[in-house]
Amino acid sequence: MKLNIKYPFRIGLASPKLILSWATIGFFNGKKYFREVTSSKLLDIKGSPVTNGLFCEKIFGPLISYQCKCNLFRKASKHKINIYTYEEFSMRLNNSLYCLKCGIELNGSWIRRYRMGIIKLVEPIVHPLYIKTIAELLNISKEDLYSFIYSDYHLNSKKFTQEIKENLEFFGGKFLIHILKNKDINLINDYKQLRESLVYLYKESSKKKIFNKIFNLQRFILNNIKLTWFILEVLPVLPPRLRPFIKLDNEWVYSDLNDHYKKIIIKNNKLAHLKKYNEELKKNNIFTKSSVILYKNQVNYLQISINNLFYNSFKKSNNISIKRKISLSTLLEGKYGVFRQNILGKRVNFSGRSVIVGSPQLTFGTCNVPVKMIFKFFSPLISNYNNVKFNNIYKESDIYNNIKVRSWLQTFCSSSYIYLNRAPSLHRMNIQGFIPRLDESVALKLFPLTCSGFNADFDGDQMGIFIPITKQAKLDIKKRVHTGQHIFSPSSGALLMKASQDMVLGVYLLNTDTYIPFINLMHWFSSFEDVITSYDSGLCDLNSLIQVRYKNFIKSNTIYLPITVGRLIFSFSNNIYN
1 MKLNIKYPFR IGLASPKLIL SWATIGFFNG KKYFREVTSS KLLDIKGSPV TNGLFCEKIF
61 GPLISYQCKC NLFRKASKHK INIYTYEEFS MRLNNSLYCL KCGIELNGSW IRRYRMGIIK
121 LVEPIVHPLY IKTIAELLNI SKEDLYSFIY SDYHLNSKKF TQEIKENLEF FGGKFLIHIL
181 KNKDINLIND YKQLRESLVY LYKESSKKKI FNKIFNLQRF ILNNIKLTWF ILEVLPVLPP
241 RLRPFIKLDN EWVYSDLNDH YKKIIIKNNK LAHLKKYNEE LKKNNIFTKS SVILYKNQVN
301 YLQISINNLF YNSFKKSNNI SIKRKISLST LLEGKYGVFR QNILGKRVNF SGRSVIVGSP
361 QLTFGTCNVP VKMIFKFFSP LISNYNNVKF NNIYKESDIY NNIKVRSWLQ TFCSSSYIYL
421 NRAPSLHRMN IQGFIPRLDE SVALKLFPLT CSGFNADFDG DQMGIFIPIT KQAKLDIKKR
481 VHTGQHIFSP SSGALLMKAS QDMVLGVYLL NTDTYIPFIN LMHWFSSFED VITSYDSGLC
541 DLNSLIQVRY KNFIKSNTIY LPITVGRLIF SFSNNIYN
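Structure, rendered in structure tokens:
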């Protein structure tokens, strides 16, 4: 028996080895090959991807499935030469086929959606999202750390000697790697010391700072995270399908992420040329301070461009034409980011959304859904159930007013369930199962007692409607998710289905004793149904004293019960629910 183990989704910090493994091609002749992007060019004049560029077919896979750039296999099959196979003009590497002429892997174009590349940075760069945590670990302010990263030594000239200023090896990311390596060794000792120091602290502000440090160190120790991972030596490049290009009005339009990657590659290549130039100057003993300043400035530009890739800190300006470019954090964060828009609140088929309205006439466990919505949800299922009849009616007549379709929908809904979800889904009561009923209105009608579980009220709240499609989902909705399973709170055990506000007021009005004490003004009724019809026509009020033959209390046909209309309605509803 095979167990399908589903591991939980987790976000963490990637090590340099893990980033390299994402872009590893394999070993060939004892050498390890990576998908490294070295060219800043995107497309050539013909509109095909440039080799070693950001859309390169060698790195990310072919644009057209199983077709390389030189198109050798297609030419061979076109001329009906059956001798040729993939292996004859390609080489095998890591169980994949690569063309010997152009070096493109013979695979499907869908691999361009998940295949990643890398940019090997000439100088180590500080990760922009972890600058605050690095400053807390090193017990320095954020401003001092920024000044050290960008080599602004005039701000804190007392802390650094002249040797560190002039030496290329001791600045920015390189020097921070050296410090964080020593910090990695003493990580557990620092954690113990910080916990012991809490005893001698009395100020709440200082306690909060140390609590944050302890929490961070605890996460690093438990998740085996090394502090040197905060410094980027290898930058991963997203798959090309996630940063696409398209032709509009004879012009190529690119994603903003491509511009960020392009700037990083240009600055990284410039830095590589400067490094070679400085090494030649060192050999000839012509090393000057101006070359050091140029090199440090170029590292700063690279740091800024990587900062803009991760988090674009755009300053407001009077020029309206300047548009903020999308960064990786803007794609993930916010209401319309990847997590909240596409993963957590993903739009699916057979789902809808509507404003909720209270409906006391409903029975427990049911809800009224608009006819048009129910028809859209269940039309594929009904068409499969009644192929010929349903399709003929669908073509011939007005589908919503057809009696046969209505009867089908009514019978189908009585044996089916739907999910109702109210955002934000903070606990399990926010998703409940109901039996749908047809309704002519536009709004979704709910039984008022179920609103406390959803934490909903009728002031314009909206709910999502979803249809269980699989057999497992249908079983779950009956046994676990149905509103009958959410009577008590799972946290406190308190009753959720309790009357409140207007319901309590209604019960009070039904049971008030302000009736008229004159027998001559009394009305006499033979059944409960007669009382309701006279009340609906306005012959009597809720507080009117009446004489009625009520079978639930008195079995004799000759004896009448003196009671008010309100109390009779209340006792009748109690008997129904009991």
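FYI, the numbering for the sequence shown is 1 to 578, going by full-length UniProt numbering.
Every residue gets a Cβ at the ideal spot worked out from N, C-alpha and C, and that includes glycine.
From a predicted model like this one, the values you see are computed outputs, not experimental measurements.
Next item on the list: Going by DSSP, name the residue or residues bridged to glutamate 36.
Entry: Residue 36 sits at position 36 when you count from the first residue of the sequence shown. Within the DSSP bridge table, the entry for glutamate 36 names Ile118 as partners.
Next item on the list: Could you pull the start and end residues of the beta strand (DSSP E) that tryptophan 252 belongs to?
Entry: Here residue 252 refers to the residue found at position 252 of the sequence shown. Counting along the chain, tryptophan 252 sits inside the beta strand (DSSP E) bounded by residues 251–254.
Item checked: Cα-Cα separation between serine 305 and asparagine 189, rounded to whole angstroms -> Position 305 of the sequence shown, counted from the start, is the residue given in the question as residue 305. Position 189 of the sequence shown, counted from the start, is the residue given in the question as residue 189. Near 36 Å, if we compare the C-alpha coordinates of asparagine 189 and serine 305.
Checklist line | Length of the line joining the Cα atoms of tyrosine 254 and phenylalanine 310 | finding: Within the sequence shown, numbered from 1, the residue matching residue 254 stands at position 254. Within the sequence shown, numbered from 1, the residue matching residue 310 stands at position 310. C-alpha separation (whole angstroms): 18 Å.
Next item on the list: Please name the residue in Ile435, Lys445, Gly453 whose C-alpha comes closest to that of serine 491.
Entry: If you number the sequence shown from 1, residue 491 lands on position 491. For serine 491, the nearest C-alpha among the options comes from Gly453.
Check: Between the segment 10–24 and the segment 232–241, do three or more beta carbon pairs fall short of 8 Å?
Finding: Taking 8 Å as the limit for Cβ pairs, the verdict is that the segment 232–241 does touch the segment 10–24.
Check: What residue does the alpha helix (DSSP H) around residue 584 start on, and which one ends it?
Finding: Because the chain is modelled from 1 through 578, residue 584 falls outside the range shown and cannot be assessed.
Margin query: In the DSSP output, what is glycine 352 paired with across the bridge?
Written below: As a working mapping, residue 352 is identified with position 352 in the sequence shown. Among the bridge pairs identified by DSSP, glycine 352 is matched with Ile465.
Notebook entry, point to check: If you pair each beta-carbon of the segment 457–467 with each one of the segment 348–359, do three or more pairs fall below 8 Å?
Noted result: Enough Cβ pairs lie closer than 8 Å, so yes.
Margin query: Give me the DSSP bridge partner(s) of histidine 523.
Written below: As a working mapping, residue 523 is identified with position 523 in the sequence shown. BP columns for histidine 523 point to Ile546.
Next item on the list: Pick helix, strand or coil for phenylalanine 215, following the three-state DSSP scheme.
Entry: Position 215 of the sequence shown, counted from the start, is the residue given in the question as residue 215. Helix at phenylalanine 215.
Next item on the list: Go ahead and pull the three-state DSSP assignment for leucine 362.
Entry: Residue mapping note: residue 362 aligns to position 362 of the sequence shown, counting from 1. Coil, per DSSP.
Next item on the list: Within the same chain, show all residues whose beta-carbon is closer than 8 Å to that of leucine 121, passing over the 5 residues directly before and after it, in chain order.
Entry: Taking the sequence shown and counting its residues from 1, one reaches residue 121 at position 121. Same-chain partners within the cutoff: Leu232, Glu233, Val234, Leu235, Asn268, Leu302.
Note to self: Less than 6 Å between C-beta atoms, sequence neighbours within five positions excluded: which residues of the same chain meet that for isoleucine 225?
What the structure shows: Counted from its first residue, the sequence shown places residue 225 at position 225. Leu13.
Next item on the list: Would you list the residues sitting across from leucine 43 in a DSSP beta bridge?
Entry: Position 43 of the sequence shown, counting from 1, holds the residue named residue 43. According to DSSP, leucine 43 bridges with Pro49.
Margin query: DSSP has valine 237 in a bridge; who is on the other side?
Written below: Within the sequence shown, residue 237 is the residue found at index 237, counting from 1. According to DSSP, valine 237 bridges with Gly117.
Next item on the list: Give every residue of the same chain whose Cβ lies closer than 6 Å to the Cβ of cysteine 70, excluding the five residues on either side of it in the sequence, and list them in chain order.
Entry: As a first step, residue 70 is located in the sequence shown; it is residue number 70 there, counting from the start. These residues qualify, in order along the chain: Lys101, Cys102.
Notebook entry, point to check: Relative to the C-alpha of tyrosine 66, which residue among Leu568, Gly460, Leu106 is closest?
Noted result: If you number the sequence shown from 1, residue 66 lands on position 66. Considering only alpha carbons, the answer is Leu106.
Check: What is the residue span of the beta strand (DSSP E) that aspartate 530 lies within?
Finding: Here the question's residue 530 lines up with position 530 in the sequence shown. Boundaries for aspartate 530: no beta strand (DSSP E) harbours it, while the alpha helix (DSSP H) harbouring it runs 528–537, taken from the DSSP string.
Next item on the list: Run the CB neighbour count on asparagine 307, radius 10 Å, all protein chains shown included, and call it buried at 16 or more, exposed below.
Entry: Here residue 307 refers to the residue found at position 307 when the sequence shown is read from its first residue. Classification of asparagine 307: buried, given that the 10 Å Cβ count is 16 or more.
Margin query: Using the Cβ count rule (16 or more neighbours within 10 Å means buried), how would you classify threonine 85?
Written below: On the sequence shown, position 85 is the one that residue 85 refers to. Below a pLDDT of 50, predicted positions are generally treated as unreliable, and threonine 85, at 42, falls in that range; the measurement from the model is reported next regardless. Counting other Cβ atoms within 10 Å of its Cβ, threonine 85 stays below 16 and is therefore classed as exposed.
Margin query: Within 10 Å of its beta-carbon, does aspartate 439 have 16 or more other beta-carbons around it, so buried, or fewer, so exposed?
Written below: If you number the sequence shown from 1, residue 439 lands on position 439. That one is buried.
Next item on the list: In the DSSP assignment, find the beta strand (DSSP E) that holds proline 562 and state where it starts and stops.
Entry: Residue 562 sits at position 562 when you count from the first residue of the sequence shown. Where proline 562 is concerned, the enclosing beta strand (DSSP E) stretches over 561–564.
Item checked: Own chain, CB closer than 7 Å to proline 448, minus 5 neighbours either side, in chain order -> Mapped onto the sequence shown, residue 448 falls at position 448. So the qualifying residues of the chain are Gly358, Pro360, Met503.
Check: Would you say valine 237 and isoleucine 119 are within 8 Å of each other, going by their C-beta atoms?
Finding: Along the sequence shown, read from residue 1 onward, the residue named residue 237 stands at position 237. Along the sequence shown, read from residue 1 onward, the residue named residue 119 stands at position 119. Going by C-beta atoms, valine 237 is nearer than 8 Å to isoleucine 119.
Notebook entry, point to check: Beta-carbon separation of tyrosine 191 and leucine 222 under 8 Å?
Noted result: Counted from its first residue, the sequence shown places residue 191 at position 191. Counted from its first residue, the sequence shown places residue 222 at position 222. No, the Cβ-Cβ distance between tyrosine 191 and leucine 222 is not below 8 Å.
Notebook entry, point to check: With respect to 7 Å, is the separation between the Cβ of aspartate 459 and the closest non-hydrogen atom of the ligand COA below this value?
Noted result: Looking at this structure, you won't find the ligand COA or any other ligand, since it has none at all.
Notebook entry, point to check: From Asp457, Asp513, Ala499, Leu561, pick the residue whose C-alpha is nearest to that of phenylalanine 525; which is it?
Noted result: For the purposes of this step, residue 525 is taken as the residue at position 525 of the sequence shown. Nearest option by C-alpha distance: Leu561.
Note to self: Across the segment 483–500 and the segment 416–433, are there enough close Cβ pairs to call them in contact, namely three or more that are closer than 8 Å?
What the structure shows: Taking 8 Å as the limit for Cβ pairs, the verdict is that the segment 416–433 does touch the segment 483–500.
Margin query: Taking DSSP's pairing of strands, which residues face lysine 247 in a bridge?
Written below: Here residue 247 is taken as the residue at index 247 of the sequence shown, counted from 1. When DSSP reads this structure, lysine 247 sits in a beta bridge with Trp252.
Check: What's the call for threonine 366, buried or exposed, on a 16-neighbour Cβ count within 10 Å?
Finding: Within the sequence shown, residue 366 is the residue found at index 366, counting from 1. So threonine 366 counts as buried.
Item checked: One or two residues paired with arginine 428 in a DSSP bridge -> The residue given as residue 428 occupies position 428 in the sequence shown. Beta-bridge pairing links arginine 428 to no other residue.
Margin query: For lysine 133, which residues in the same chain have their Cβ closer than 8 Å to its Cβ, ignoring the five residues on either side in sequence?
Written below: Along the sequence shown, read from residue 1 onward, the residue named residue 133 stands at position 133. Correcting the residue type first, residue 133 is threonine in the shown sequence and not lysine. Within the same chain, threonine 133 has close Cβ partners Asn216, Phe230.
Next item on the list: Could you check the C-alpha separation between isoleucine 519 and aspartate 536 for me, to the nearest Å?
Entry: Reading the sequence shown from its first residue, position 519 is the one you call residue 519. Reading the sequence shown from its first residue, position 536 is the one you call residue 536. Bear in mind that the predicted position of isoleucine 519 carries a pLDDT of just 48, short of 50, making it unreliable; the figure below should be weighed with that in mind. Across the structure, isoleucine 519 and aspartate 536 are spaced so that their CA atoms are roughly 22 Å apart.
Item checked: Bridge partners - tyrosine 66, DSSP secondary structure assignment -> The count along the sequence shown starts at 1 and reaches residue 66 at position 66. DSSP lists no partner for tyrosine 66.
Check: What does DSSP give as the partner residues of cysteine 413 in its beta bridges?
Finding: For this step, residue 413 is matched to residue 413 along the sequence shown. Looking at the DSSP output, cysteine 413 shares a beta bridge with no other residue.
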